[in-house]
Amino acid sequence: MARIDVTVDGVRYTDEVEPRTLLVHYLRERLGKVGTPIGCDTSSCGACTVHLDGISVKSCTVLAVQADGGQITTIEGLAPNGELHRMQQAFHDNHALQCGYCTPGMIMAAVDLLRTNPDPTNQEIRDGLEGNLCRCTGYQNIVRAVRAAAATPTGVTG
Amino acid sequence: MTQTVPTESANGTREIGRARRRKEDARLVTGRTRWTDNITLPGMLHLAFVRSPIAHARITRIDTSPAAGMPGVVGVFTAADLGAEGIGLPCAWQVTPDMKAPQRPPLASQTVHFAGEGVAVVAARTAAEARDAADTVEVDYDPLEPVLDMEAALADGANLVHPELETNRNALWVFDSAGAGSGGNVDHAITAAEADPDSVVIHRRFRQQRLVPAFMEPRSTVVDPTGEQLTMWSATQVPHILKTMTALSLGIPEHKLRVIAPDVGGGFGGKLAVAPEEIVTLLVARKLGKPVKWTETRSECMLTAHHGRDQIQDLTLTAGRDGTVTGLKVDLLADMGAYLGLVTPGVPLLGAFMFNAIYKFPAYRFSCTNVFTTKTLTDAYRGAGRPEATFAIERMMDELAAELGMDPMDVRKKNWIRHEEFPFTTVATLVYDSGNYEAATARAEELFDYPALRREQAERRRSGDPVQLGIGISTYTEMCGLAPSRVLGALAYGAGGWEHASIRMLPTGKVEVVTGSSPHGQGHETAWSQILADQLGVPFEDIEVLHGDTQVSHKGLDTYGSRSLSVGAIAMVKAADKVIEKARRIAAHLLEAAEGDIEFHAGTFSVKGSPDARTTIQEIALAVFAAHDYPEGIEPSLDSDATFDPENFSFPHGTHLCATEVDTETGAVRLRSYVAVDDVGNVVNPLIVEGQVHGGLAQGIAQALYEEAIYDSDGNLVTGTLVDYLLPAAPDLPDFTTERTTTPATSNPLGVKGVGEAGAIASTPAVVNAILDAVRHLGVIDIPMPCSPERVWRALRTARGGTAHTAGGPA
């Protein structure tokens, strides 16, 4: 077992974990952060995307021990004050989700995309979200949502 | 009753037609979701399955003892340990009286019939411990020959998937317009065309590759046994069917089983099932007396959840040289896989009535031979039977145009049903109630700039441009709103096609509506609220839509086949009519007027000629709750329910146009533009409809270009992960141009048709037709799907007389 010390959505946790434990399993099973879902076992789908020290990672591709000392934000911590993050609002406004299973990962990836490219073109959005799969929307409204979010002034959380 | 025409909500504006943002989104964008895998119950155990690594083998030994001693393991079970050897999973569709149906066990005990079939299961404290232990279970297999090729499987002396059935043929199902009296004899049409120099006879074979539905949420089931009562949460599209079928299969009294579909992450037909894992989870929970969860990995999902499509289509089309079709003959081979799921053998039948599509064909014959192989079973996948039919006929219309040197759009116009000819009884005996193919096509051509693209295509051909341009057409229709119960009965389906709804008027005037539909991404909570807001004249926000829990929604037939709006929502409209009728009597009493003088508009009852005498339906709800003053002889309740059984299917249609650029040097295909003009009747929420079209297009295009479930010669699925099976990501798809024409359905009071499957049905042939249109002048007449760069390149090379083998893929 290994000891880790992480801050997740603003709360500090210290835990003993098996070295093989994936970050996503730690989040879901130990911390109850079930807002972050698991969609595959090959790091293909991106449903489990979270931010580790401000950068998007697929939490199935990170060991919990690798996150030791890190700051993690999940979809549940994106709107801490109850007001939606501009990306969450844009997904809602633009019907960028249907079943919603890919949505947490898609939103976290999209937030990071705007961090590195605040005003992306449609093609840059499509390329930037290549690691996140959606089976419902055909992506068009996701692209629309990300553009809308980019055009929205950054709030305290965004 | 006459209130079935929507009025308007309390604020005086119609909700139907508004692009309402979805109620569902609030929890989905914040992670406050209720996926089955999120559920944790006190003392809950986790399951992991031991699965066969071999397609076809006798099990000679199972030793569970190594697993039993592993940390955290509470139990290791074979079929015998669970008393499951006599259990057979249900198939609800006996398509012919002599259909051959194997027993489908929850766990294999003697023989495995596909790679991935479960043979044992471990229950442990954690999922990881269960997995670790499952990997130590020892199973010895005596391999048998796999059965992989449908034609070889039907040959004399073929190895048998299920020797006890004495054949690999599940069923032969035939429709003949001559026998049905709806058209002529297609053999006569073929004979006549062969003898007539002014006619053509076109034979083609198309392959519908095997696809994986690939909903994003892997399947998961939790069962909680509390005394006699069993509660099952499952990632399912069909909680009601799952409940009834599980009760029947296991002999559980139906009232002791509650099934809940909480948030469900997509289905596309793939969760229209009673899965072996659902049954095993229940059996283990009951045996251990503990809550038990099973959640599959994506690889397990790819390997064991049912697949879709997988047909070989042989088509013969006859026509005059003017382009008028005189007959169509369809012979299918449909791969069932190793077992029959809920509707496996009936999937091809859902296409049987659609090969004639939007056209007036005088003679039609359809036959389908269902075949068992040692592969994962197939069953419903978005469109189920209809994409196969639409692909075949829309490809054939292009082949006919090429044969005759005609514009493919002109060939279609020559044969389609004109708008003034509706209602139209087709050669397949369906009655198309409404449609306007001319209008949808005209709008699509306008948006697409069809003439300009044809000019560019001609120029590129003239100049020998290495990148050739192709235009693909798909003028499709489909049948949805499954289904009139009598029709299902005539097709020997095991249930009806009605839907149920009930409305509860709460004391404060708020409304709960219970629907038997079971959404998993479609947005019913929003759309149903909009419809009911107009019907009852109450605010959109005052309505809560309840679904997916069989103790809340006791009656229902769930969501598939684009049926929820045109069947499920109509049941709600009928229930609303009853609420209004009950309220009208109370209003008359309270307003001291004759019932015949009471008018209802936008949620308010008023007395004819006395505009000040009025009360709202929400006020009446409170008055009924108090029950201090209501007329004699009636019950103090507005609550109502209704069951709606449609009299006909609905028939969305549309025209899709696709422009592709094909690099003749590399085989790469780029979608340059895609225009979809769909006619889905009246639209409740244009935002949701557009989303459904986008998603359907993505899946249909993916069939044309990207996806295929491939088995190797030993019967192993080699596309068993999302690394190997190519689901399109955002860069793989273009922006779509979508619009609508509106020809209301006449078969329901909302004039709605359904939209869930249209995009997936229409788009596949549009793309393939476009690719072939780009390279046909180079000698390519067909490319099997998916049209990968390799296959396009091989087809071009073969056409040029190069050394490439056939355009077939790696299978």
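These protein sequence lines are chains A and B, in that order. Sequential numbering from 4 applies to the first sequence in this note's numbering. Sequential numbering from 275 applies to the second sequence in this note's numbering. We put the beta carbon where it would ideally sit given N, CA and C, even for glycine.
Segment contact: the stretch 997 to 1011 of chain B against the stretch 126 to 139 of chain A, three or more CB-CB distances shorter than 8 Å; contact assigned.
In this structure the stretch 939 to 955 of chain B does not lie against the stretch 779 to 791 of chain B, because fewer than three pairs of beta carbons, one per stretch, are closer than 8 Å. Where B:PRO885 is concerned, the enclosing beta strand (DSSP E) starts and stops at 884 to 890.
With a beta-carbon spacing of about 7 Å, B:GLY539 and B:HIS794 fall inside the 8 Å limit used to define contacts. Uninterrupted beta strand (DSSP E) stretches at least 3 residues long and entirely within the stretch 772 to 829 of chain B occur at 773 to 779, 785 to 789 and 817 to 820, given in chain order. Taking 4 residues as the shortest admissible run, the stretch 899 to 984 of chain B contains the following complete alpha helix (DSSP H) segments, listed from N- to C-terminal end: 960 to 979.
Look at A:ASP12 here: in three-state DSSP terms it is coil, with no helix or strand label. Bridge pairing for B:ASP414: B:ARG335 [DSSP]. Judged by DSSP secondary structure, B:SER473 falls outside any alpha helix (DSSP H) and instead within the beta strand (DSSP E) spanning 473 to 485.
The Cβ atoms of B:VAL1026 and B:PRO1018 sit closer than 9 Å to each other. Using beta-carbon distances, B:PHE923 does not count as an interface residue toward chain A, since no partner is under 9 Å.
A direct Cα-to-Cα measurement between A:ALA112 and A:ALA148 gives close to 13 Å. CA-CA distance, B:VAL621 to B:GLY659, rounds to 5 Å.
Scanning chain A for C-beta atoms nearer than 8 Å to the C-beta of B:ASP299 yields PHE94, HIS95, LEU100 and GLY103, reported in chain order. In this structure, the alpha-carbon of B:GLY362 lies about 11 Å from that of B:GLY615. Under the Cβ distance rule, A:ARG31 counts among the residues neighbouring chain B, one pair being separated by less than 9 Å. From the listed residues A:ALA50, A:ASP56 and A:TYR29, the smallest Cα separation to B:PHE489 is found for A:ALA50. A check of alpha carbon separations from B:ILE526 across B:GLU551, B:LEU556 and B:ALA549 identifies B:LEU556 as the nearest.
Around the C-beta of B:ALA807, 16 or more other C-beta atoms lie within 10 Å, and the residue is accordingly described as buried. Using a 10 angstroms sphere on the CB of B:THR1012, the tally of other CB atoms reaches 16 or more, which defines it as buried.
One alpha carbon belongs to B:PRO379, the other to A:GLY42, and they sit about 27 Å apart. By the neighbour-count criterion, in which 16 or more other beta carbons inside 10 Å mark a residue as buried, B:VAL448 falls on the exposed side. Taking a beta-carbon distance threshold of 9 Å, A:CYS51 does not count as an interface residue toward chain B.
B:VAL997 reaches chain A at THR45 and SER47, counting residues in chain order whose Cβ is nearer than 8 Å. Its chain contains ALA375, PRO619, ALA766 and GLY768 as the residues whose beta carbon lies nearer than 8 Å to that of B:GLN368, once the 5 sequence neighbours on both sides are disregarded; these appear in chain order. Beta-carbon to beta-carbon, B:GLY746 and B:SER759 are separated by about 38 Å, too far to satisfy the 8 Å threshold.
Per the C-alpha coordinates, the member of B:ASP903, B:GLU570 and B:ALA608 positioned closest to B:GLU551 is B:GLU570. Under the 9 Å criterion on CB atoms, A:HIS54 is classed as non-interfacial with respect to chain B.
The three-state secondary structure of B:HIS1051, taken from DSSP, is helix. For A:ASP130, a Cβ of chain B is located within less than 9 Å of the residue's own Cβ. Close CB contacts of A:LEU25 within its chain, under the 6 Å cut and outside five residues either way in sequence, are with CYS63 (chain order). Straight-line spacing of the CA atoms in B:ASP414 and B:ILE336 works out to 7 Å. Among the CB atoms of chain A, none fall inside 9 Å of the CB of B:ILE984. Not a single C-beta of chain A is nearer than 9 Å to the C-beta of B:LEU589. For the 9 Å CB-CB criterion, B:THR650 and B:GLY657 do not form a contact. Three or more beta-carbon pairs drawn from the stretch 594 to 602 of chain B and the stretch 625 to 642 of chain B are found closer than 8 Å, and the two stretches are therefore classed as touching.
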